[in-house]
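A quick write-up on the structure given underneath.
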Amino acid sequence: MTLRAVSALVLCSALLAACSDDAPPQHTESAHHHAPTAQAHHIQYRVAVEIDLPFTVQGPNGTISGFDYELLKAIGAKQGFDVRFELYSRTGMFDALAQKKADITASGIYLNDERKSRFDATRPYMESGTALLVLPNTQINGLNGMIGKNISVKSQTVAEGLASHTLGKDRFKSHPTLWMAYKDLIAQRADAVLGDYVSLNHYVKQYPDKKLVLLDNLNLPREQYVFLVQKGNKALLDKLNRGIAEAKEDGTYQRLYHKWFETAAH
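According to mature numbering (1 follows the signal peptide of the UniProt record, and there is no 0), the sequence shown holds residues -23 to -1, 1 to 243 in order.
See below:
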């Protein structure tokens, strides 16, 4: 073997060893990861979500975006972790967190007593409430105006419980997603959609030609929106809380809110 060949072999061996040393760790957080470092960016948390515009949006090629997606990405960049979004049903995303198949649950989740008992919640990052989205010239100006009308809601939400209380069980139509409820409305199969204000306002901004009317004067309690983590995962909870505070301080939150909730196109 020539001297040149030997030198090349030694160089290749050194490069392979270096690559092996830089191999990413397993997707779990070890005890010595206290501060964000270049190595800490190898930590990847699994985020269980459902498609719930504009919090989580699925593009035509299957990619995920949306307000929660971009906010968690921004938080991770500052706090030293990455996130991988995995799609579930509404019930499935909570079950995934409870069964430790996910580390975080997102998608416009409001905090209630049942979720408090099962999970740990971040500080609220947004406040919203329940509103009515109605067709033009529909004689609905409040909750009692829903009586005798065709009302669509998203299942397993505050709106569904409110519709059941106001109208009676089985006197409204529940859908797996708010988008499906909205499609009922624009197809005139429903007279109104009862749902989350910020999400319904998103549809108003996206489809101004429909001239829909959003009623937000229902005098209902406001809801607090949070990210959820497994009980006892204080390290991750602290990262998320720090990240939410920093995003609001440095303008990241406001920029994303304007992009996803206040403009007509993304």
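Cβ atoms here follow ideal geometry from the backbone N, Cα and C, with glycine treated the same way.
- When only Cα atoms are considered, K160 and F149 end up about 15 Å apart.
- The beta carbons of S176 and L30 sit closer together than 8 Å.
- Counting along the chain, no beta strand (DSSP E) covers I163; the unbroken alpha helix (DSSP H) around it starts and ends at 155 to 163.
- Pairing Y174 with G125 gives a Cβ-Cβ distance that is not under 8 Å.
- Annotation for D173: the continuous beta strand (DSSP E) segment containing it runs 169 to 173.
- Beta bridge pairing from DSSP links E200 with S105.
- Taken in chain order, the unbroken stretches of beta strand (DSSP E) that lie wholly in the stretch 43 to 68 and span 3 residues or more are 59 to 64.
- Contact between the stretch 126 to 137 and the stretch 153 to 172 is present, with at least three C-beta pairs closer than 8 Å.
- Distance between L233 and V60, taken at the CA atoms: about 17 Å.
- When DSSP states are grouped into helix, strand and coil, L110 belongs to the strand group.
- If the five residues before and after V111 are omitted, its C-beta is found closer than 6 Å to the C-beta atoms of I117, A169, V190, all from its own chain and listed in chain order.
- Distances from the alpha-carbon of E47 to those of M157, F58, T33 put T33 closest.
- Secondary structure of D147 (DSSP, three-state): coil.
- In summary, H179 is buried, with 16 or more beta-carbon neighbours lying within 10 Å of its beta-carbon over all protein chains present.
- In this model, Y184 and T115 are separated by some 18 Å (Cα to Cα).
- Put simply, the backbone Cα of G145 is about 34 Å away from that of F44.
- Membership of A79 in any alpha helix (DSSP H) is not indicated, and neither H nor E is assigned to it by DSSP.
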